[in-house]
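S.K.:
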Amino acid sequence: MSSSASGPMYALQDVLGKGKGLVATRQIPRGTRILCEEPVVRVPEPGLDGHTTSASIRRQVDALTSDQKQAFLSLHNIYANDPAAQYLGIIRTNALSLGDDVMHVRHTVHALRDIEKGEEITIYYLGVVNNREARQESLRKKFAFTCSCRLCSLPPDRSQESDRRLDEILKLDNLIARDGLMGILSNPTQKLRYVDQQI
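Numbering (the numbering used here), first residue to last: 193 to 391.
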């Protein structure tokens, strides 16, 4: 748990309707590093068969300390109907992708805005350029929950305006990325106009 002279910044608590979550125990200013830790279990590289992946995860979990293993087993598992794949179900429910080079990446969380005492500390599960409907559908499908973050909880008129802006940003992203580096080199002025529109 992250802490300082004034005590821990957060505590693991039950969050109504959500299960367990990190809740701020004091006001956390924007920019504060809240968490920085190595993952306790690493999923092998993509492309390995399910048996090899499951065996690797089982070896890693079985090698954890008693407290680490207890904490791991207390994590939510939306695939609990398959007891033979309990560890894999916990991983599929809770793991975050660390990119291609998982061996050298730490799980680090910074406050992107001021967080009030008693507020749940949340992270982005998906890219923020997805509109509300796409985000909600992805979260229900992958994690079996309905998000109630500030963005997803906007009143309908503000949510529609936000979605309009996000859809425009995504459209501009696609225009910028079209034809890769050659597209940028062939018409850099136009690509810079798209970037300017995004900002």
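Ideal placement from N, C-alpha and C gives every residue a C-beta, glycine not left out.
Quick one: which unbroken alpha helix (DSSP H) runs of 4-plus residues sit fully inside the segment 313 to 350? Chain order, please.
M.R.: With a minimum length of 4 residues, the continuous alpha helix (DSSP H) runs that stay inside the segment 313 to 350 are 324 to 335.
S.K.: So what does DSSP say about V294, is it helix, strand or coil?
M.R.: Its pLDDT being 43, under 50, V294 is placed unreliably in this model, and the value from its coordinates should be taken loosely. Note: V294 maps to helix in three-state DSSP.
S.K.: Measure the alpha-carbon distance for I249 versus V233 and round it to whole angstroms.
M.R.: One C-alpha to the other measures close to 7 Å.
S.K.: Count Cβ pairs between the segment 300 to 318 and the segment 221 to 228 that sit closer than 8 Å; are there 3 or more?
M.R.: Segments in contact, yes.
S.K.: Is it right to say K333 is buried, meaning 16 or more other beta carbons lie within 10 angstroms of its own, or is it exposed?
M.R.: Its Cβ having fewer than 16 others within 10 Å, K333 is exposed.
S.K.: Let me check one thing: in DSSP terms, what residues is T300 bridge-paired to?
M.R.: Answer is C228, bridged to T300.
S.K.: Hey, out of C339, Y279 and T217, whose CA is closest to K210's CA?
M.R.: K210 has its Cα closest to that of C339, out of C339, Y279 and T217.
S.K.: So, does the segment 256 to 275 touch the segment 347 to 356, judging by three or more C-beta pairs under 8 Å?
M.R.: No, because fewer than three Cβ pairs between the segment 256 to 275 and the segment 347 to 356 fall closer than 8 Å, the two stretches do not touch.
S.K.: State the start and end residues of the unbroken alpha helix (DSSP H) segment that holds G209.
M.R.: No alpha helix (DSSP H) holds G209; DSSP gives it neither H nor E.
S.K.: Tell me whether V207 is buried or exposed, calling it buried when 16 or more other Cβ atoms sit within 10 Å of its Cβ.
M.R.: Label assigned to V207: exposed.
S.K.: Out of C344, S258, I315 and T314, which has the shortest C-alpha to C-alpha gap to Q328?
M.R.: Among C344, S258, I315 and T314, the Cα nearest to that of Q328 belongs to C344.
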